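One structure is given here, and the rest of the page talks about it.
Protein chains: 2
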Amino acid sequence: MPHFINDRDQLVPEAIDGLLRSAGGRLARLDGYPHVKVVVRSDWDRSKVALISGGGSGHEPAHAGFVGPGMLTAAVCGEVFASPSAEAVLAGILAVTGDAGCLLIVKNYTGDRLNFGLAAERARALGRRVAMVVVDDDIALPDLAQPRGLAGTLFVHKIAGALAEAGGDLAAVTAAAERVIAGVVSIGMSLDTCTVPGNPKETRIATGRAELGLGIHGEPGVEQVDFDGAHSAMAMVVDKLADRIGSGQHVALVNNLGGAMPLEMSVLTETLCRSRIADRIGWLIGPAPMMTSLDMHGFSVSLLPVAAGETDALQTAVPLAAWPGCFAVATPEVIAMPDGMTATTFVPSANAAAAALITDACKALIAAEADLNALDAKSGDGDTGSTVATAAHAMIGALDRLPQDDTAQLLRAMGEQLSQTMGGSSGVLLAIFFSAAGDAAGGGADLTGALHAGLARISEVGGAGPGDRTLIDALLPALEALPDGLPAAAAAARAGANRTGGITRAGAGRASYVSADSLRGHNDPGAEAVARLYEHLARA
Amino acid sequence: MPHFINDRDQLVPEAIDGLLRSAGGRLARLDGYPHVKVVVRSDWDRSKVALISGGGSGHEPAHAGFVGPGMLTAAVCGEVFASPSAEAVLAGILAVTGDAGCLLIVKNYTGDRLNFGLAAERARALGRRVAMVVVDDDIALPDLAQPRGLAGTLFVHKIAGALAEAGGDLAAVTAAAERVIAGVVSIGMSLDTCTVPGNPKETRIATGRAELGLGIHGEPGVEQVDFDGAHSAMAMVVDKLADRIGSGQHVALVNNLGGAMPLEMSVLTETLCRSRIADRIGWLIGPAPMMTSLDMHGFSVSLLPVAAGETDALQTAVPLAAWPGCFAVATPEVIAMPDGMTATTFVPSANAAAAALITDACKALIAAEADLNALDAKSGDGDTGSTVATAAHAMIGALDRLPQDDTAQLLRAMGEQLSQTMGGSSGVLLAIFFSAAGDAAGGGADLTGALHAGLARISEVGGAGPGDRTLIDALLPALEALPDGLPAAAAAARAGANRTGGITRAGAGRASYVSADSLRGHNDPGAEAVARLYEHLARA
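Respectively, the protein sequence lines represent chains F and E.
In terms of this note's numbering, the first sequence opens at residue 1 and continues consecutively.
In terms of this note's numbering, the second sequence opens at residue 541 and continues consecutively.
And the structure:
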C-alpha cells in the first residue's frame, strides 16, 4: 500500500520539518537528527514547569502537534510505533527544564516507560527536578494488568498544561496529572487495521466485523464483534464505559483514530449524545483526530469525571490548531423555516394571443419529440424529446391557470410551472430563464429584451456561452434577429442549431464528457429544439 | 465497505446534528429536515453581508464546519455528492439575509450553479439583494471548459468572510471574492478512490499508480501517472501549478482530501517547501482536511497570489477549529543539542572485595546461561541466558575501568555499563536499577538500602510489583532477608523464584501475552537469575 512519503528512514524527520514549516515559527527542534527527534516551543524561557510527552510516531497530531502555550513544552518523537531512546528523551528534558522542573507524561507501554524512566533517572543525576506520570486509560478488559495509554492522555496534556502555564509548581502539576489519570477511561473500536508505511496491510478484520478495545499500535483489539452500524457500535463502547464511570457529569473526548471520515465522526458524536449515558456527558472535546493510529478506520471515546475546576482548565484557549476545544454539549438549536418559501400565487387572466403563442410553441416541441430523443441518444440518455414534450403537454394543460394578460407575471409563472414539471438541469435552467425574463419584463423591458435578460442569466448561471454546443447557439442568434421578424429569427436559429453539429467539443453540460466522434454531425438537441420552435412559429 | 453510519438516509442530518452538539451552541439549523439541511450561525443578527456556501456533503469540514464569525454565515448541505435543491438554498438565503444582502459562494458544478442560481433568482424576486460567485480553481487541464471548484474555495470563504465581518458592503465583498477567484489555482493527486457510504468501493487506481488532476466527487482524475513517492508526486503537482502562477509571492493551501495520514501531509508540506516553486510560497494554510472527498487518500495544493491586504484577511483569527490558520512559511529552527548529554566519566579505583563480589556474581550468571535460555524459551525467544552472560562477560572485562572504591559511583557506573552492553528492556531496567541505587548510596544509604531504592524505582518505571512473575519476585524477598545474611537471602530468593513457576498470568513484560499453559511450572528466567546469583554468593 503506497503512501505519500519519501525514504522511509526520513519519514519522521521530514514530517517534523513539515510541521515546523507550517507552524509560523512557534516550534523548533533539537539538532539531533536522525536519532534525536525532539520538537520544542521556540518561545520557551524555562520559567515554568515544563511538560514533556512523546512516544512512537504515527499518532499525529499527538504529540508534536500539541506543543505550544498551555499544553506541551516538548515532544520526543520515536520512529513509527517505536519508543524514542532514553538519550532522545534526556535531550528533550535537558533542553527545556529549568529550575521549576519538568513532568514527563508517558503512555503505558513498556518501551516508553523504560526509556522515559531511564532518561528521568539520568536527568535527576544531572540535577534536574523530574517527575513522571504514566497514563493507563484503556478499559478494554476489566482486569488488564497493564492498561494502555490511549487518547485520554490528551486530558492530561491539557489540564496539566493549563496549570503549568498558569505558574503551578511541579508538585501541583504532577498531582493534577495524577488525578486525571486516576479518573479517565477510554475505549476504541475499529473497522479495519492501520497501515504502517512501507509494510503490507494486515487484513485481520473481515467485512462486517469490528474490533473493540483496541490499542493504537495496530495490535488486535481485545475482542472481535459483529458490526451493524453506528448505533450498535457506539452502544458496545458505551456499555464498556458505563461499567467504569460514576453517576456524575463527564467530559467526553471523541477521537478519530485516523481513517474515519468527518461525517462518520459527527454521526458517532450524535449517537453518543443520544446513548444511555448521554445524561452523564456535559462537555465534548472533538470529534477530531487527536491520538491517531496512522490511518485506522476507527474511533475512541474517553471520559473524564468533572471535578471542580477541571472544565476551566480544559476550556482555556490554546493557540493550537490540533486542539479542537472543549464545549458544553449543545442541544441542536432548530430555527423555524423562513416565511415566504411557498410558491407565488399568480392570478389567472386571459389573453388569446398569448395563449395561442404558447400553445403553438408547445405543439412544435411535442411534434419534435422523436427527433430530439434521437439526437440526445448521440450524447446522452436519449430522453430530451420526451422530457420537453411532457413539459409542453403540462404547460398546455396549465394555460387556464396562468396570468396570460400580464407579460411579466406570465413569464414568471411559466418558469415556476417548468421547474415543477420538467425536472433535471433543463427544468432549472428554463425556470431561471423565464424567471429572469419576467423580472426584466416587470422592469419595463419588451419581450425581446426580457428574453435576452433570461438568456444572459442562464448563461451566467449555467456557465455556457456561444459555441459551447448548447441551446444558446440557436437562441442567441434568434433573439438577435427577432427585431427583423420571426422568419429571420427562425433562419438564424436554424443556422445556429446546424452549427452545433460541427462543434465536437461541448463546453458545458453532459455532452462535455462525450467524445468528438460521438458528437460530430449531430445537432445539440437543445439548440435543435429552439430551431424547431422558431421555425414552427414563423410558419404559423 | 462498512462505515460508522446508521440509516443512509439519515447520514447527513445526523452528522449535522452531531456537529451542532459539539459546537458549543455556536450553530443552529433550519427546521427543514430531511429536505432542507441548512446550518447557520446562532448569533447572527443580519446586520452585515451574509456569506452562504454549500453543495453536496462529503467534503467536511466544508462547508458547515466553516460557519462562524469571519467566515460563512450559512451552509446549505446536500446529500453526499449531490447539490442541495434550489428550495433548500432559498431557505438558507431567506434565513440569514438582511438589508446588507448576501453573497452565494458556489463551486463550479452544474447542479450547484443551477440550484444556487435559481434560488438567487427567487430570492431577488422576493426583494433580497443576492450576489453569486462561482469558484473554478481547478487547473487539471489548461483548457478546461468548466474548471471545477476545489479547495481554493476556502480562500474565498476566508477573505470575503473577513471583509464581511469587518462591515464591507455587498459590492466590496463580491469584488474581493471575484479577485480571489480570478487568481486562485488548485490541483490534486490521489492514490486511491473515495468510498461513498453504502456504495461498493471502486478500484480504479492500481497500486503504484496515482491520479493527477482529480475532482472531489470520485470522478477519475484527468490523468493516471506512475507513483514513486512524495517527491515525484509533488513535483508533478508543482509542474502544473508553476505553469499557471506568476513570479510573485503566493499563499499555499495544503488540503488533505480525507484519507492521507497527518504524517504524509507533513511530508508533502515539507516536500512542497523544498520544491522548485518554494521561493514563491510565502505563507501556508494547513496541511489540514478542509475540502475533502470523503476518505480519498490524496491531497491538493491551492495557490493564491498575494495582493495587498489579502494575507491580513487570511490571518485574521476565527474561532473555528476547522480553520488551521495562515502562517508565514518558517524555516525550521534548529536548536543545538543540550550540554551534558555525554556519559559521565568515572575515575577508576581499586577495591579487591568489591571486584571479587562483582566477578563472583558475573560468573554465577555466566554459568546459568543454558538454563536461563531454556526457561526463557517457554515464554519468549530463549535468549535471556545469553543476554545476561554477554553482559556479565563485558562487566568482568570492564572491571579495571570501574570506580571500585566508591560504592555510589560504582553502582552508577555499573548501570551505565549495563545500558550499553545489555540492550533491550532488561538493559534499560538494570541501568535504572543501578543508577537509582547509586543515587541512594550517594545520599547515604547502605548497600541494602541502595538496592531497595533501585528496586523501588524499577517497580515504578516498569510497572511490575510482587506477584507479577518478574525478577522482583526473587529480588524483593532476597533484599528483605539480606540483613539476616547471604544464606537467608539466597533461600528467600530461591523460594521467590520457585513461586513464579506457579504464577500463570504474568503482570508485566512480554510473558503477559503468553498463555497460562505455557507458563505453568516454569520459573520466570529473571527471578531464576536472581536466585542463582544469591545462591552462588551464599556458597562463595
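Glycine is no exception: its CB is placed at the ideal position from the N, C-alpha and C atoms.
Because the structure is a prediction, the values reported are computed rather than measured.
What number of angstroms, rounded off, separates the C-alpha of leucine 303(F) from the C-alpha of alanine 770(E)?
If you take the alpha carbons of leucine 303(F) and alanine 770(E), they lie about 38 Å apart.
Report the option in Ala398(F), Ala389(F), Arg8(F), Thr271(F) whose CA atom is closest to the CA atom of serine 426(F).
Looking at the Cα atoms, Ala389(F) is the closest of the given residues.
Give the residues from the stretch 1000-1015 of chain E that approach chain F closer than 8 Å (Cβ to any Cβ), ordered along the chain.
Result list: Glu1000, Val1001, Gly1002, Gly1003, Asp1008.
Where does leucine 643(E) fall in DSSP's three states?
It is a strand residue.
Are three or more beta carbon pairs between the stretch 821-838 of chain E and the stretch 674-683 of chain E nearer than 8 Å?
Flag = no, the stretch 821-838 of chain E and the stretch 674-683 of chain E do not touch.
Could you tell me whether the Cβ of glycine 798(E) comes closer than 8 Å to any Cβ of chain F?
By this cut-off, glycine 798(E) is an interface position.
Glycine 522(E) versus chain F: which residues are under 7 Å apart at the beta carbon?
With chain E represented from 541 up to 1080, any question about residue 522(E) goes unanswered, as that position is not in the structure.
Determine which residues share a DSSP beta bridge with histidine 250(F) and list them.
In DSSP, histidine 250(F) forms a bridge with Ile281(F), Pro305(F).
Restricting to Cα atoms, I'd like to know which of Ala492(F), Ala160(F), Val222(F) is closest to leucine 141(F).
It is Val222(F).
Quick check: the Cα distance between leucine 1077(E) and threonine 899(E), rounded to an integer number of angstroms?
Going from the Cα of leucine 1077(E) to the Cα of threonine 899(E) covers about 10 Å.
Which residue wins for smallest C-alpha separation from aspartate 112(F), given the options Leu144(F), Glu79(F), Leu94(F)?
Closest by alpha carbon: Glu79(F).
Out of Ile472(F), Ile503(F), Asp381(F), Leu519(F), state which residue places its alpha-carbon closest to the alpha-carbon of alanine 531(F).
When only C-alpha atoms are compared, the closest one is Ile472(F).
By the 10 Å Cβ neighbour count, where 16 or more other Cβ atoms means buried, how is valine 646(E) classified, buried or exposed?
Classification for valine 646(E): buried.
Checking the sheet assignment: what are the DSSP bridge partners for phenylalanine 299(F)?
In the DSSP output, where bridge partners are listed per residue, phenylalanine 299(F) has Met189(F), Asn256(F).
Would glutamate 202(F) pass as an interface residue toward chain E - the criterion being a Cβ-Cβ separation below 8 Å?
No, no contact with chain E.
Tell me the DSSP bridge mates of arginine 749(E)?
Beta-bridge pairing links arginine 749(E) to Asp766(E).
Name the one or two DSSP bridge partners that serine 593(E) has.
Answer is Ala615(E), Ile645(E).
In terms of alpha-carbon separation, which member of Leu447(F), Glu310(F), Ile503(F) lies closest to alanine 527(F)?
Of Leu447(F), Glu310(F), Ile503(F), the residue nearest in Cα terms is Ile503(F).
Using a Cβ distance threshold of 8 Å, determine whether the stretch 39-53 of chain F contacts the stretch 166-174 of chain F, with at least three qualifying pairs required.
Yes: the two stretches touch, three or more of their Cβ pairs being nearer than 8 Å.
Closest to proline 943(E) by C-alpha separation, out of Ala893(E), Phe544(E), Leu793(E), would be which residue?
Looking at the Cα atoms, Ala893(E) is the closest of the given residues.
Along the chain, where does the beta strand (DSSP E) that runs through isoleucine 335(F) open and close?
Where isoleucine 335(F) is concerned, the enclosing beta strand (DSSP E) stretches over 333-335.
Any beta-carbon of chain F closer than 8 Å to the one on methionine 830(E)?
No, methionine 830(E) does not count as interfacial toward chain F.
Quick check: the stretch 474-485 of chain F against the stretch 446-462 of chain F, are at least 3 beta-carbon pairs closer than 8 Å?
Enough Cβ pairs lie closer than 8 Å, so yes.
Could you check where the alpha helix (DSSP H) with arginine 276(F) kicks off and where it finishes?
Taken as a continuous stretch (DSSP letters only), arginine 276(F) belongs to no alpha helix (DSSP H), as it is neither H nor E.
Taking Cβ positions only, does aspartate 439(F) come closer than 8 Å to chain E?
Answer yes: the Cβ-Cβ gap between aspartate 439(F) and chain E drops below 8 Å somewhere.
Under 8 Å by Cβ, that's how I've got leucine 150(F) and serine 300(F) pegged, so tell me the actual separation to the nearest angstrom.
Right, their Cβ atoms sit about 6 Å apart.
Using a Cβ-Cβ cut-off of 8 Å (strictly less than) and excluding sequence neighbours within five positions of alanine 907(E), which residues of its own chain qualify?
Counting only Cβ-Cβ distances below 8 Å, and skipping sequence neighbours, we find Arg1072, His1076.
Tell me the DSSP secondary structure of cysteine 326(F) in three-state form.
Reduced to three states, the DSSP call for cysteine 326(F) is strand.
Rounded to whole angstroms, how far is the Cβ of threonine 292(F) from the Cβ of proline 601(E), which I believe are closer than 8 Å?
No, threonine 292(F) and proline 601(E) are not in contact; Cβ-Cβ is about 17 Å, not under 8 Å.
Closest to alanine 932(E) by C-alpha separation, out of Ser959(E), Ala628(E), Gly994(E), Ser625(E), would be which residue?
For alanine 932(E), the nearest C-alpha among the options comes from Ser959(E).
Applying the criterion that 16 or more other CB atoms from any shown protein chain within 10 Å of the CB defines a buried residue, is alanine 604(E) buried or exposed?
Alanine 604(E) comes out buried.
Tell me, please, whether the stretch 974-982 of chain E touches the stretch 914-924 of chain E by the rule of three or more beta-carbon pairs shorter than 8 Å.
Output reads no: the stretch 914-924 of chain E does not touch the stretch 974-982 of chain E.
Taking the alpha carbon of glutamate 202(F) as the point to measure from, which residue in Leu114(F), Glu219(F), Leu212(F) has its own alpha carbon closest?
Comparing Cα positions, the closest option is Glu219(F).
Who are the near neighbours of threonine 811(E) in its chain, counting only those whose CB is closer than 7 Å to its CB and skipping five residues on each side?
These residues qualify, in order along the chain: Ala770, His771, Met774.
Could you please give me the residues that DSSP links to alanine 568(E) through a beta bridge?
Looking at the DSSP assignment, alanine 568(E) forms a beta bridge with Glu333(F), Val580(E).
Within the same chain, show all residues whose beta-carbon is closer than 6 Å to that of cysteine 326(F), passing over the 5 residues directly before and after it, in chain order.
Correct list, in chain order: Trp283, Ile285, Leu314, Gln315.
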